[in-house]
């Protein structure tokens, strides 16, 4: 996930960006916000974001001054400026700071999402180049066959040139007898700060996995992922599963691609293994050090949600989208269940109905927003998912015993 920080002196703009942008779908995590340049610098030091979205004009230290100081601290920081039509002189200075993009105010959510997507791709490319360089240095240090590793790495990323497939085939199958293959990807949980724990996991993975991998090669694709080439036989998957319980000391999630007949399809196989991890991550019991191994992607739909464990994903979705027009029917369809079955499971999990759960979430958020003396009731109504402020007032009064205006005035005292 890419870490994002928002800096804008207008509360409604900050709140609007938080609520209208689907951060999770962009692969982003909103780690903080700031109302001026000085607070933004403090937040940047604390959270070390990958992306800064900032108003170009702010009181005190303006967006440009703050961004210049932030760039000095973190040169890799990507900055998206929010700017008005009359900020051309500011924009010229921002260009000198290597600002990644500009989005005009009033902010169009689609335009901002496109800018964020572009920046995320830039960050990913930079990281891939950095990892590739580290990988090359590591291969040279360890004395591993550099050509084979480089060819494998390129093919997994879909970068094939000239007769590279023929060269790779010759290296991996020197006797000329090729075979169907799968790609296995391991994702190591990096939540721990103990580098020794993570390094220990990689050593275990290298030891356990390379005995099953074709050519014995392990490829570190990025900070948290590694990949192996495995025979396409069911026996190979069985051997892999049998060896996994020996891995201890942290969280490891495995994804296995479908069987592919030629090395030309390695790029597709790698994408399938990554997709398998994406679908299964978080659905298995947390007390298991090794999460799961799935053989064929065709069977993944049967594991889309695992009752109580999987319902954490439902709850997460609701908490991220409660301000939108979400419904029981929509969520049931999203998680491949009938409405009746989804409703029963939801009540069993939470103790309340879907409507009660969403209403409670919205009302608690509304109470927090109404504690701000500058906010208006209709703004809070829209921020928590009610376009009709009169209906919002009815629901709020039923929930709290007070109207939103009464609650707002009480918090001002």
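Numbering (full-length UniProt numbering), first residue to last: 1 to 413. We put the beta carbon where it would ideally sit given N, CA and C, even for glycine. Note that the coordinates shown come from a computational prediction; the quantities given were computed from them, not determined experimentally.
Here residue 40 has 7, 34, 66 as same chain residues with Cβ atoms under 6 angstroms from its own Cβ, once five neighbours each way along the sequence are excluded.
Classified as buried, residue 332 has 16 or more neighbouring CB atoms from the shown chains inside 10 Å of its CB.
When the Cα atoms are used, residue 121 and residue 49 turn out to be separated by approximately 15 angstroms. In the pairwise beta carbon analysis, the segment 149-157 is classified as not touching the segment 68-86: fewer than three pairs are separated by under 8 angstroms. Looking at the DSSP output, residue 72 sits in no beta bridge, so it has no partner there. Of the residues assessed, residue 73 falls on the exposed side of the cut-off, its CB having fewer than 16 other CB atoms within 10 angstroms.
Per DSSP, the continuous beta strand (DSSP E) segment holding residue 54 begins and ends at 51-55. The alpha carbon of residue 51 has as its nearest neighbour, out of 21, 123, 25, 64, the alpha carbon of 123. Between residue 318 and residue 358, the C-beta spacing is below 8 angstroms. Rounded to the nearest whole angstrom, the C-alpha separation of residue 186 and residue 225 is 6 angstroms. In the DSSP assignment, the residues bridged to residue 104 are 83.
DSSP places residue 231 inside the beta strand (DSSP E), whose first and last residues are 225-231. Spatial neighbours of residue 109 in its own chain (CB-CB distance under 7 angstroms, excluding positions within 5 residues in sequence) are listed in chain order as 20, 21. Here residue 323 carries a coil assignment [DSSP, helix/strand/coil]. Residue 260 is bridged by DSSP to 181. At a cut-off of 4 residues, the continuous stretches assigned as alpha helix (DSSP H) that sit fully inside the UniProt domain "HTH araC/xylS-type" (312-410) are 328-334, 339-350, 354-370, 377-383, 389-400.
Contact between residue 44 and residue 70 holds, since their C-beta atoms are separated by about 5 angstroms, short of 8 angstroms.
The continuous alpha helix (DSSP H) containing residue 16 extends over residues 11-20. Residue 258 and residue 383 have their alpha carbons spaced roughly 44 angstroms apart. In the displayed model, residue 157 falls within coil according to three-state DSSP, outside both helix and strand. According to DSSP, residue 121 shares a beta bridge with no other residue. Assigned with DSSP and collapsed to three states, residue 35 falls in coil, not helix or strand. Secondary-structure assignment with DSSP links residue 220 through a beta bridge to 226.
Out of 42, 24, 62, 28, the CA that lies nearest to the CA of residue 9 is found in 62.
A residue is called buried once 16 or more other Cβ atoms fall within 10 Å of its Cβ, and residue 401, having fewer, is exposed.
Cα atoms of residue 407 and residue 128: separation of roughly 52 angstroms, rounded to the nearest angstrom. In this structure, DSSP gives residue 6 an extended state, which the three-state scheme calls strand.
Counting every other CB atom within 10 Å of its CB across the protein chains shown gives residue 386 a total of 16 or more, marking it as buried.
A distance below 6 angstroms between beta-carbons, with the five flanking residues on each side excluded, links residue 184 to the following residues of its chain, in chain order: 228, 230, 256. Among the bridge pairs identified by DSSP, residue 63 is matched with none. Ranked by Cα distance from residue 1, the options 104, 367, 116, 339 are led by 116. Just so you know, the alpha carbons of residue 263 and residue 188 end up roughly 26 angstroms apart. Per DSSP, reduced to three states, the secondary structure at residue 255 is strand. Beyond the five residues adjoining it in sequence on each side, residue 99 comes within less than 6 angstroms, by CB distance, of 79, 81 in the same chain, given in chain order. Here residue 381 is buried, its C-beta having at least 16 other C-beta atoms within 10 Å.
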